[in-house]
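Everything on this sheet refers to the single structure shown next.
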Amino acid sequence: MAQFQTTTALMWLVLASDANAHDWYTGKTDPVLHYDCCGNKDCHPIDSSNVRMTKEGYFVRMPRPTYLNEPQEAEWFIPRDRVQPAPDDRYHICERLMTLYRTITPHMKFEAYQRFRWTCFFAPPGTSSVAQTR
Numbered sequence: 659m660a661q662f663q664t665t666t667a668l669m670w671l672v673l674a675s676d677a678n679a680h681d682w683y684t685g686k687t688d689p690v691l692h693y694d695c696c697g698n699k700d701c702h703p704i705d706s707s708n709v710r711m712t713k714e715g716y717f718v719r720m721p722r723p724t725y726l727n728e729p730q731e732a733e734w735f736i737p738r739d740r741v742q743p744a745p746d747d748r749y750h751i752c753e754r755l756m757t758l759y760r761t762i763t764p765h766m767k768f769e770a771y772q773r774f775r776w777t778c779f780f781a782p783p784g785t786s787s788v789a790q791t792r
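Here's what the structure looks like:
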């Protein structure tokens, strides 16, 4: 019985710490378009090896395809004015799966396809693209 209680207590500790680690996404919005960043399911940390900084902003390479049924885009570009400071030393991105439609010629029928789009991007404090006044 004591082992069960210890295991249960550890499980609750892990779940609570994971929830608190991502609470900071809630209530955040894109600084330019004012879209909600969303929360735990849409936002996640990304490896710094997938991020390339330029003077105009960041290029982010995602480890999975952005399209579910089409070829992958090489990178997403995030303009400097849409970069927000992260509360830790990691990069974070928020993305949504969107359903889009296109016509198929010559029949003029519509075909649905799904694509991931980024909504918010966070960079570690001290990177030159993040304004210190935000």
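Going by our numbering, the sequence shown opens with residue 659, and the numbers climb by one from there.
C-beta: ideal position from N, C-alpha, C; glycine also.
Start-to-end residues for the beta strand (DSSP E) that takes in residue i
i	result
F690	It should be pointed out that residue 690 corresponds to Val in this sequence rather than to Phe. From DSSP, V690 is part of no beta strand (DSSP E); its letter is neither H nor E.
E753	749-762
E733	First-last for E733: undefined, no H or E at that position.
G715	715-718
C701	701-704
P743	741-743
T777	767-781
R710	709-711
For residue i, the residue or residues it bridges with in DSSP
i	result
G685	G685 pairs with nothing; no bridge assigned.
C696	The partner list for C696 (beta bridge, DSSP) is empty, contrary to what the question assumes.
Cα-Cα separation, residue i to residue j
i	j	result
H692	R740	10 Å
G784	H765	53 Å
S706	K713	17 Å
A781	A744	5 Å
C696	H702	11 Å
R775	M756	7 Å
A770	F779	27 Å
R760	W734	21 Å
L758	M711	29 Å
G715	Q742	11 Å
Integer Cβ distance of residue i from residue j, believed to fall under 8 Å
i	j	result
R719	A732	7 Å
Kindly confirm or deny that the segment 681-693 and the segment 741-752 touch, where touching means at least three C-beta pairs closer than 8 Å.
Inter-segment contact for the segment 681-693 and the segment 741-752 is present: three or more beta-carbon pairs are separated by less than 8 Å.
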